[in-house]
Amino acid sequence: MLNLELEIGDWATWVGSLGTLGAFTVAFWQIHRERSARKTREAYEAQARRREHVDRVSVWVHDGNVHVNNGSGHSLHGVRVHDGKNTIAEWSHLPPGLHRRGPTDVAEGTPHVVFTDVRGDRWSRAPGAHPKLEPGAARTTSESS
């Protein structure tokens, strides 16, 4: 037969040990959860910082002219405005705070703009949409150093 006669102190030791094990499990789970949340938040904030100046670039067509406004604090390079098929206007360089316009055959509206920012990232902005990083334009960590 199995002898289950343990002293009171032995039961208390086992219960205390299980409680300690549970506390460690919960603590490690919370640490993992907080770390995952921090990494997600940092990735979002890094993308927001990367897009900060890009959000201040706008383009539109009015009275037979295409207008491009660089409201950011940095220069843009390789600015190309198109209507989805044809290039409407191109500029090799657009300094910060500058507004450029050029003649176009396109009717009123909001065209699509593609440009390279000061970091060398190529961005695309469709009418009414947030800017998007062009595929293959993402820099690697070694390139940003």
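Position 131 of the sequence shown, counting from 1, maps to 130 under numbering that gives the first Met the number 0, and the rest follow consecutively.
Ideal Cβ positions, reconstructed from N, Cα and C, are used throughout, including at glycine.
Query raised in the report: Ends of the beta strand (DSSP E) at W102?
Result: In the sequence as presented, Trp is not what sits at residue 102; that position holds Pro. P102 -> beta strand (DSSP E) spans H98 to P102.
Query raised in the report: Is DSSP giving H31 helix, strand or coil here?
Result: helix
Query raised in the report: Using a Cβ-Cβ cut-off of 7 Å (strictly less than) and excluding sequence neighbours within five positions of H92, which residues of its own chain qualify?
Result: S74 and H76
Requested in this report: For E44, name the three-state secondary structure that DSSP assigns.
Outcome: helix
**Report entry** Buried/exposed call for A88, threshold 16 Cβ in 10 Å
**Finding:** buried
Query raised in the report: Using the C-alpha atoms, what's the distance from W122 back to Q29?
Result: 38 Å
Requested in this report: Starting from E89, trace the beta strand (DSSP E) both ways and give me its first and last residue.
Outcome: T86 to L93
Query raised in the report: Do the CB positions of H111 and P126 come within less than 8 Å of each other?
Result: yes
Query raised in the report: Terminal residues of the continuous beta strand (DSSP E) containing S57?
Result: V56 to H61
Query raised in the report: Do you know how far the Cα of F27 is from the Cα of N68?
Result: 50 Å
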